[in-house]
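Mapped onto our numbering, the consecutive letters of the sequence shown carry residue numbers 8 to 635. All C-beta atoms in this analysis are idealised placements derived from N, C-alpha and C, irrespective of residue type, glycine included. These numbers were taken from a predicted model, which means no experiment stands behind them.
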Amino acid sequence: MRIPESKIEEIRTSVNIVDIISEFVQLRKRGKNYVGLCPFHSEKTPSFTVSDEKQIFHCFGCHTGGNVFKFLTEYHKISFLEAVQELAEQQGIAIEFDKAEYSEQQSEQEVLYDINTEAAKYFLNNLLNDDEGEFARKYLQSRNIKTQTLRSFGLGYAVRGWENFINYAKSRNLNLDKCIQLGLIGKTSEGKLYDKFPGRLIFPIFSPNGRVVAFAGRVMDPNETGAKYINSPESLIYIKGRILYGLSFAKDDIRRLDKAILVEGYMDLISLYQSGIKNVVAVSGTALTDDQVQLLSRYTKNVVLLFDADTAGIKASMRSIEILLKRDMEVKIVSLPKDEDPDSFVNKYGREEFEELVKKAENFLEYETKYYESLGRFDDPSTAADAIRELVKPVALINDELKRNLLIKNIAQKFNLREKLLESELDKQLVQIKKFEKSNSRIFQSRKAEDAESIIVNPLANGSPEITPLLYNLEKEILKLLFEAEKPVAELIFNYLQPEDFTAELNRELFELVKEEFENKQEFTTSGLIGLLKDETKETFVRELTFDKYSVSSNWEERFPSITAEMTLLKFAKDTVMKFYLGRIDKRIQSNRREIELTDDESKLLELMKNNNELEREKKRIREALSG
Ligand SMILES: [Zn+2]
């Protein structure tokens, strides 16, 4: 499936990146750009920047950035093609596909999805019709799961024995290597193949748009020695920490009710769903991850945690609270009566009782306070101080200052403490978090700087000694001007400069790229140009370049407040081209002078002096042409 570049460009220019990103990130205008908290890394001070003018975004903290498609692929965890399609659909732009031209990656994924779909059908059929399936059917009956429900969730059963699925796969002509990749079939060190899930109840795991990406298998035979659950390994179509079980079923209800209930297990979710509580997702198989929270935050900001009341459940709740708060989610926690889990509770007491319980959910502060109380940590002043410190910790993760202050007030009242005391504790924690963020972004920055450095240093090592820091910086300024994609500016630059004038190889390459694009199209945009860069390091280099302040331009604006931005830019471009041009001539004059001092050859001497005179005249000519 290939979409022509021109179509992609049409779709890209049909939207404003600021509008698209605003749907997911709160942006504030700052100068020419918009800033907000980065959705791709956790931060308290905004370093995520969107340029209306250039139609690109860039984060100065984690260095993620690009055009609107890049944002959608990163944010929704979808492919480039899916991002293009999504936007096209939204804008009502029709795309004709050339189905014959499936890309490698695309077809590989499709093959994997197809195998999983075939496998799911096979397991479901076993569960409904196979004699041995009776075993699993009885189990589900005992858990009150109706046939209708097990069909909706595509539950299945893998019959015992080591070759049943293999034989089925062969009969359906499924690619066995791919079945191994997907973890449906195992391979011994002797190369013998065997079924991976025999004797297990099967839960297909779906992507948010409802495709089978993996399976979980639960043991049925209590005498079975293996793990209670086994899961498919990660694959091209399944990344554990990025999937929430049940999201494809729950997303509409989560949006409608603006609330998600988060449970631990598959059965919890299925039981709740069957009883009519449908805004539920399960973490299943992993501790809650930041990616999962990001995924969920697309549908709601309100999460109710409903974990088991045992120690493991409490620990998981505490950890989850922190991850959720970091992403600005509103967190509440439901405490179940002792010895109940969501599945058993809803089966025993029904939907209404359950909804009452959710209504009574506590905020995280009440929940954690209660927990420390139950441990007796407030009985002794020394442990109480620690416990209060622990309570302030999650508060510090909240971005909203007002909310933070209200919660601090809340703790102060509860424990009869002076607010000031808690505030200073909070400040300490905030400083710690900031420090951590800074050191993190420094690591990012220095790593990227090294990458960029390595390409920059190359031309110097390759026998181009004539580059000076001044000239190098001017080369960069000129590239920056080119990536502004302003026609008059580009015309001016191409009028005076050639690729050979650039000493740093990377700069020369980028100059050539823009020149070619400009000559071919006569019309270009910053984000279109950036889109042409296939190499990630180069792409990041250019993005940082374009978001960087001009070394002199701000000055220009102060000095000439009456002229328009474009005129300022053109003026600045003239100035920069002139400096660069003159700088290069000066280099040659200097090198001539050195030779003049060294040579004894009369005729060579004369020639060098003549050349220098010409160069001086050239300087004068350029000055006259470009200044003013
Ligand atoms: Zn970031």
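CA-CA distance, residue i and residue j?
i: residue 519; j: residue 309; result: 50 Å
i: residue 200; j: residue 129; result: 18 Å
i: residue 356; j: residue 415; result: 37 Å
i: residue 530; j: residue 611; result: 48 Å
i: residue 330; j: residue 196; result: 40 Å
i: residue 533; j: residue 62; result: 7 Å
i: residue 426; j: residue 419; result: 5 Å
i: residue 313; j: residue 294; result: 14 Å
i: residue 387; j: residue 374; result: 20 Å
i: residue 291; j: residue 509; result: 56 Å
i: residue 204; j: residue 371; result: 39 Å
i: residue 560; j: residue 579; result: At residue 560 the pLDDT is 43, less than 50, meaning the model places this residue with poor confidence; the figure from the coordinates comes in the next sentence. Cα to Cα, residue 560 sits roughly 6 Å from residue 579.
i: residue 234; j: residue 286; result: 29 Å
i: residue 479; j: residue 554; result: 18 Å
i: residue 174; j: residue 407; result: 58 Å
i: residue 36; j: residue 85; result: 28 Å
i: residue 322; j: residue 338; result: 15 Å
i: residue 543; j: residue 521; result: 17 Å
i: residue 318; j: residue 342; result: 12 Å
i: residue 428; j: residue 325; result: 24 Å
i: residue 421; j: residue 263; result: 35 Å
i: residue 177; j: residue 186; result: 11 Å
i: residue 538; j: residue 515; result: 18 Å
i: residue 13; j: residue 56; result: 27 Å
i: residue 306; j: residue 332; result: 16 Å
i: residue 593; j: residue 586; result: 10 Å
i: residue 485; j: residue 477; result: 12 Å
Just to confirm before moving on: does the CB-CB distance between residue i and residue j stay below 8 Å?
i: residue 119; j: residue 27; result: no
i: residue 54; j: residue 66; result: yes
i: residue 511; j: residue 546; result: no
i: residue 258; j: residue 215; result: yes
i: residue 334; j: residue 381; result: no
i: residue 536; j: residue 526; result: no
i: residue 237; j: residue 224; result: yes
i: residue 361; j: residue 284; result: yes
i: residue 550; j: residue 72; result: yes
i: residue 80; j: residue 90; result: yes
i: residue 301; j: residue 11; result: no
i: residue 500; j: residue 488; result: yes
i: residue 227; j: residue 172; result: no
i: residue 599; j: residue 620; result: no
i: residue 51; j: residue 441; result: yes
i: residue 44; j: residue 122; result: no
Roughly how far, in whole angstroms, is the beta-carbon of residue i from the beta-carbon of residue j, given that I think they are within contact range, below 8 Å?
i: residue 622; j: residue 596; result: 5 Å
i: residue 248; j: residue 299; result: 6 Å
i: residue 256; j: residue 280; result: 7 Å
i: residue 311; j: residue 368; result: 5 Å
i: residue 22; j: residue 59; result: About 12 Å; that fails the 8 Å criterion.
i: residue 490; j: residue 576; result: Wrong, their Cβ atoms sit about 12 Å apart, outside the cutoff.
i: residue 270; j: residue 250; result: With a Cβ gap of about 15 Å, residue 270 and residue 250 do not count as contacting.
i: residue 504; j: residue 584; result: 7 Å
i: residue 156; j: residue 277; result: 6 Å
i: residue 179; j: residue 282; result: With a Cβ gap of about 36 Å, residue 179 and residue 282 do not count as contacting.
Measuring CB atoms only, is the segment 116 to 135 touching the segment 161 to 172, in the sense that at least three cross pairs come out at less than 8 Å?
With the cut-off at 8 Å, the segment 116 to 135 and the segment 161 to 172 touch.
Does the contact criterion of 3 or more C-beta pairs under 8 Å hold for the segment 344 to 352 versus the segment 402 to 411?
Contact fails: fewer than three Cβ-Cβ distances are below 8 Å.
Go through the residues and name those whose CB comes closer than 7 Å to any heavy atom of ligand 1, in chain order.
Residues with a Cβ closer than 7 Å to any heavy atom of ligand 1, in chain order: 45, 47, 48, 50, 54, 55, 66, 68, 69, 71.
Just checking, does the segment 85 to 103 make contact with the segment 13 to 21 on the three C-beta pairs under 8 Å criterion?
Contact between the segment 85 to 103 and the segment 13 to 21 is present: three or more C-beta pairs spanning the two stretches fall below 8 Å.
Can at least three beta-carbon pairs, one atom from the segment 168 to 178 and one from the segment 207 to 221, be found at a separation below 8 Å?
With a cut-off of 8 Å, the segment 207 to 221 and the segment 168 to 178 do not count as touching, because too few Cβ pairs lie within range.
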